[in-house]
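These notes concern the structure reproduced below.
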Amino acid sequence: MNRGRRARRADADVLRSAAVRLRDDPDLARHVGLAGPDDAAALAALLDLLAAELPHVDSTIRRSAVESCGRLLGGRRG
């Protein structure tokens, strides 16, 4: 697997992990600036979508999403 593919896979893993965390702990929503559990579920769905389509996502958006998810996960990747 080449380096670019490994990086995209690692980034997708961060996005998916953040989605899982939001689903497992919807009360976390308010701590990360969301209105509530419904927004956490919606964001989790969006993160799953972004992870699946990462090769087609603009690099600036990808980097921002990965950094934000890294902070949500406690400092990972970003």
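Everything in the sequence shown is counted per the working numbering, starting at 100 for the first residue and increasing by one. We put the CB at the ideal spot given by N, CA and C, even for glycine.
- Annotation: Ala128 to Thr159 spans about 24 Å, alpha carbon to alpha carbon.
- Judged by their CB atoms, Leu114 and Ala150 are nearer to each other than the 8 Å cut-off.
- Linking Ala106 to Leu148 through their CA atoms gives a straight-line distance of about 17 Å.
- Per DSSP, His130 is one residue of the alpha helix (DSSP H) stretching across 127-130.
- In this structure, the beta-carbon distance from Leu171 to Ala117 falls below 8 Å.
- Every alpha helix (DSSP H) stretch that sits fully inside the segment 107-154 and reaches 4 residues is listed by chain position as 127-130, 136-151.
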